[in-house]
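First the structure, in the form of structure tokens, and then the observations on it.
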Amino acid sequence: MTFEPLRSPAGTHDVLWPQSARWERIIGDFADRARLYGYKLLITPVIEDARLFSRGFGDASDVVGKEMYVFEDRGGRTLALRPEGTASVVRAYIQHRPATPWKVWYLTPAFRYERPQAGRYRQHHQIGVEALGVDSPEQDAEIIDLAMGTIRAAGLSDIELLVNSMGCEVCRPVYEGVLRAFLAENVHAMCDYHREHWSEVPLRVLDCKTGECRAVTDSAPRISEHLCDACMTAFDTVQTELQVLGITYTLEHRLVRGFDYYTRTTFEIISHSLNASQNAVGGGGRYNGLSEILSGPPTPGIGFGIGLERLLVACDSEGAVEWHDPGVDVYIAELGRDTEVSLLAHQLRNAGYSVERSYENKSLKAQLRYAGRLGARIALIIGDREIAEREVILKPLVSKDEQFTVGWDRVIQETGRWLEKWKKQ
RNA sequence: GUGGCCGUAGCUCAGUAGGUUAGAGCGUCUGGUUGUGGCCCAGAAGGUCGGGGGUUCAAGUCCCCUCGGCCACCCCA
């Protein structure tokens, strides 16, 4: 009985070398950068009580309505695969009550059951940070600075930072009323979909990409004109801070992010080299009410997430990333089998050199061919004669220098000497 | 969930109006005399033509179903 070979589920992907090398670089850079900004790594489970997300996002959101991976475990609990990073962090905060300000960074897969498409997958990965306990426009700007720096370091340059304020529990409802009244008078001009659905979540119309809705919302009342004094002051300060930090931004009054929990500062970083419908590489914002929504203590918070797959797609379409295989320092070729090879490999590696070897008894020619393919800089050749004489042949592979023999006690330092020499050139 | 395009070697693809043992390039492996890479040359391995059913003397090629991939809508990272 044979079976069809199994594939990864629809919308999920394996990341193989050398693709994975790009991930390694971006993640490594982000970990360093987050540390410099004072964020500590937080690891939370990918499964959570499904109610965490349905409460946090609001039932009107598509993520909760139709995109969540929800299932019942063997104990009858209703769990969900996390669709984004923020809710789990806030849950962990409420559960452990760490001292504030609490600043964490994370790397996590995120799951949404949608039809896969360019730059949109059922499992994607986000890097992000969350800062809880402080309600400060200076912090808002600092977090945007961190997000922008991360994306720029990945190699993207054709990007735009969009910022907006969503107001607070005081002024947002007022604005929503004004907007609702405006939209009611312009129903006829909206796109087919929103003509039917605009009143469910009026703010969502602002986000609509169709020409009809954009024409309507161009002249719609703007939330920036309806902010309360406190929100207005905060938003002004965020902008001043961004200017001081030399970060150019665009005020986008239509920027309404998908989840209900956002308050005040919201932002999105879009790539101009991606299709307009999926051009957001990263985004985030402040969510001062989320902790309470999740039955925690009143605690302000702000964070962002960056989608790794989408960041990489953007890099590709910008042609931004040049990546070179660093190759391997040493290849050890052997003729016959001898334990000296294993020992030498061990010692070289512990001295900090990358070493590869053949584990099969192949011809010297085949071994050197392989060494060339690996991008090895030096080949060390060990045959019967060398074993007998207690020496090895050191053959430079990246230069035209002649090979020569070295005594065993000097192999490591001689190897290091050549590698250093080439590094300087 | 709705719609469009597409599924031939590991990869990128060719396969004439249906007709013998399904091809190329790249990659992989081996060899080009004793233990020496890259270039070059020679050879080899590798394919249920996504799967199932049907039409036909004959199907990778035509029809149906199914699975999968890509893309678009919706929405988001």
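Residue numbers (the numbering used here): -16 to 408.
Every residue gets a Cβ at the ideal spot worked out from N, C-alpha and C, and that includes glycine.
{"Asked": "Neighbourhood of W401 by C-beta, 7 Å cutoff - its chain only, sequence neighbours within 5 removed", "Found": "I361, P379"}
{"Asked": "Spatial distance of H180 from T200 (CA atoms)", "Found": "15 Å"}
{"Asked": "Own chain partners of R340 with C-beta closer than 8 Å, once the 5 adjacent residues on each side are dropped", "Found": "Y314, I315, A316, E317, V324, A328"}
{"Asked": "Length at least 3, wholly inside the stretch 186 to 270: the beta strand (DSSP E) runs in chain order", "Found": "246 to 254, 263 to 269"}
{"Asked": "S341 (DSSP reduced to helix, strand or coil)", "Found": "coil"}
{"Asked": "Touching by the beta-carbon criterion (3+ pairs, under 8 Å), the stretch 114 to 129 and the stretch 268 to 284", "Found": "yes"}
{"Asked": "Beta strand (DSSP E) segment containing P120, residue limits", "Found": "Here P120 belongs to no beta strand (DSSP E); instead the alpha helix (DSSP H) covers 120 to 136."}
{"Asked": "V146 vs F250 beta-carbon contact at 8 Å", "Found": "yes"}
{"Asked": "Per-residue DSSP class, three states only, for Q396", "Found": "helix"}
{"Asked": "Same chain, Cβ closer than 6 Å to R74, five either side skipped, listed in chain order", "Found": "L35"}
{"Asked": "Buried versus exposed call for M(-16) [16 or more other C-beta atoms within 10 Å across all chains shown]", "Found": "Note that M(-16) scores a pLDDT of 35, beneath 50, so its modelled location is shaky and nothing firm can be said."}
{"Asked": "E31: first and last residue of the uninterrupted alpha helix (DSSP H) it sits in", "Found": "Not the alpha helix (DSSP H): E31 falls in the beta strand (DSSP E), residues 30 to 32."}
{"Asked": "Secondary structure, alpha helix (DSSP H): runs of 4+ residues fully inside the stretch 289 to 331", "Found": "291 to 301"}
{"Asked": "Inter-residue spacing [alpha-carbon to alpha-carbon] between G150 and Y245", "Found": "9 Å"}
{"Asked": "D312 vs V296 beta-carbon contact at 8 Å", "Found": "no"}
{"Asked": "G383 in three-state terms, based on DSSP", "Found": "Checking the sequence, you will find Lys at residue 383 rather than Gly. Coil."}
{"Asked": "Selection from L326, H255, M215 that minimises the alpha carbon distance to A263", "Found": "H255"}
{"Asked": "Assigned secondary structure, T282 (DSSP; H/G/I helix, E/B strand, else coil)", "Found": "coil"}
{"Asked": "Beta carbon of R60 nearer than 8 Å to that of I276", "Found": "no"}
{"Asked": "Three-way DSSP call (helix, strand, coil) for E97 in this model", "Found": "coil"}
{"Asked": "Residue from L90, A82, G229 whose Cα sits closest to the Cα of E409", "Found": "This structure leaves residue 409 out entirely; the chain is present only between -16 and 408."}
{"Asked": "Cβ-Cβ separation, T231 to L144 (assumed contact under 8 Å), whole Å", "Found": "7 Å"}
{"Asked": "The stretch 92 to 101 in contact with the stretch 186 to 195 per 3-pair CB rule at 8 Å", "Found": "no"}
{"Asked": "Buried versus exposed call for D243 [16 or more other C-beta atoms within 10 Å across all chains shown]", "Found": "buried"}
{"Asked": "Secondary structure of G150, DSSP reduced to three states", "Found": "coil"}
{"Asked": "C-beta contact flag for I253 and A130 at 8 Å", "Found": "no"}
{"Asked": "Straight-line gap, G279 to N271 (C-alpha atoms, nearest Å)", "Found": "12 Å"}
{"Asked": "Straight-line gap, H(-4) to I9 (C-alpha atoms, nearest Å)", "Found": "18 Å"}
{"Asked": "First through last residue of the alpha helix (DSSP H) which encompasses V69", "Found": "Here residue 69 turns out to be Thr, not Val, going by the sequence shown. Segment 69 to 79, the alpha helix (DSSP H) holding T69."}
{"Asked": "Straight-line gap, P1 to A371 (C-alpha atoms, nearest Å)", "Found": "40 Å"}
{"Asked": "N- and C-terminal bounds of the beta strand (DSSP E) containing Q106", "Found": "106 to 115"}
{"Asked": "Nonlocal neighbours in the same chain, by C-beta distance under 7 Å from R237, ignoring five residues either side", "Found": "L189, D190, T200"}
{"Asked": "Cβ-Cβ distance between G132 and R293 below 8 Å", "Found": "no"}
{"Asked": "Contact check, L291 vs W85, beta carbons under 8 Å", "Found": "no"}
{"Asked": "Closest Cα partner of S140 within the set V389, G335, S346, S300", "Found": "S300"}
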